[in-house]
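Below is one structure, written out as structure tokens; the observations come after it.
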Amino acid sequence: MSSQNVKKVQTQLQNLEVKFDVQKKVNALFDSDVVVQADLKQSLLKKNITELQISQIKTSELPQDQFLSHINSAVSSAKEQLNLRVKVSDLFNKVSVEPSNSNLLQAEDTIRTISNEQLKTSYQQQLTSICANYYHGKKLIALTYDDGPNPVTTPQLLDILEQNKVNASFFEIGNRIAGNEALLKRQTNDGDQISSHTWTHPVLTSLSVDEANSEITKAADLIKTVSSQDWQLFRPPYEAINQPILDKINFSAVNYDVDTLDWKIHSVDSVYQRAISGAHDGAIILMHDIHPWSVQATPKIIATLKNEGYTFVTVSQMILAKGNLELHKNYFGW
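With UniProt numbering, letter number 156 in the sequence shown gets 156, and the count goes up by one each step, no holes.
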């Protein structure tokens, strides 16, 4: 063998040794070996990995080839997961102190961006556990209001909620938002949750899946633009929804298990009596902020339920306290 060939073989061996050493260090970062590019999609960073450990992986001696590209991708994935871990830890600490609408939304928005399904599931379970621990032993109840915003009655209701330090969940009709944007901004600032009640309030099960999705998302998109609230939750008008629609959309439905019938019986006392008689831990109460009698019944409902030891929560707080917040579900209360 010529000296030139010997030198070539020696160089190849040196490259293999360097590659082996780098691959070993990269594998040590993850809970499973990342031998090929496809492994990176679902590989999780080990616990207690530090930024220093990642920075100690040197690639300057590696030749420009596919292996280097793979290693760079692995190092990049490790850095991204570490940064995400720090961000999520900070968000979860905030939630553990106060699972407010804004803190939960920030956490959910962050989890939603994660492409690694195993990691996404892990963080979602952690968030659920934090909320379950926070609300453990408390009687939870959610006041929900449909069909707004209304320029007259909605501000009156918001005053009542603010005075009583109670947050509620609003399911807005999209074509009623224009001109009432300030109400959605106030709801957000007050800590209330806002979600879609479709654009025109149709019977969704009478529409095609694409038409139903458009009704839901058009309102949700405007709500996000106006209020920055981007919950993947909606309330189907008339409680009309089916699994084929839910399976095709990136939302879950939130129905209710206590109907005050305020749309049918125009009576303050009736709304109050039905809300109180149906109340239980995990209840989701349906009212409409477009009805003066429902707004007028709210202070007494709040006072009675507080005296009975209830803690008022939004629907997202309820779902996370009682179970996991997932897509394609139909929630009714607990």
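Every residue gets a Cβ at the ideal spot worked out from N, C-alpha and C, and that includes glycine.
- In this structure, Asp31 sits near Lys46, with a CB-CB distance shorter than 7 Å.
- DSSP lists Thr144, Gln193 as the beta-bridge partner residues of Ser169.
- Using a 10 angstroms sphere on the CB of Thr154, the tally of other CB atoms reaches 16 or more, which defines it as buried.
- Between the C-alpha atoms of Ile223 and Ser195 there is a straight-line separation of about 7 Å.
- Residue burial is scored here from C-beta neighbours: Val26 has at least 16 other C-beta atoms within 10 angstroms and is therefore classed as buried.
- In the three-state reduction of the DSSP assignment, Thr311 falls in the strand class.
- Straight-line spacing of the CA atoms in Gln126 and Leu104 works out to 12 Å.
- As computed with DSSP, Asp259 is found in a beta bridge with Leu286.
- The alpha-carbon separation between Asp247 and Val226 amounts to approximately 27 Å.
- Leu140 and Ala321 do touch by the CB rule: their CB atoms are close to 6 Å apart, below 8 Å.
- Residue pairing by DSSP places Leu161 in no beta bridge whatsoever.
- When DSSP states are grouped into helix, strand and coil, Val209 belongs to the helix group.
- Beta-carbon to beta-carbon, Gln296 and Val268 are separated by about 5 Å, close enough to satisfy the 8 Å threshold.
- When Gly191, Ile173, Asn213 are compared, the shortest CA-CA separation from Ser252 is found for Asn213.
- Straight across, the Cα-Cα distance linking Thr311 with Val97 is about 16 Å.
- Bounds of the beta strand (DSSP E) holding Val254 are 252–254.
- Here Leu45 carries a strand assignment [DSSP, helix/strand/coil].
- Tyr123 is classed as buried because its beta carbon has at least 16 other beta carbons within 10 Å across all chains shown.
- In the three-state reduction of the DSSP assignment, Phe67 falls in the helix class.
- Annotation for Ile245: the continuous alpha helix (DSSP H) segment containing it runs 243–248.
- Ranked by how close their Cα comes to the Cα of Ala168, the residues Val152, Gly179, Asp146, Ala182 have Asp146 in first place.
- Counting along the chain, Glu117 sits inside the alpha helix (DSSP H) bounded by residues 117–134.
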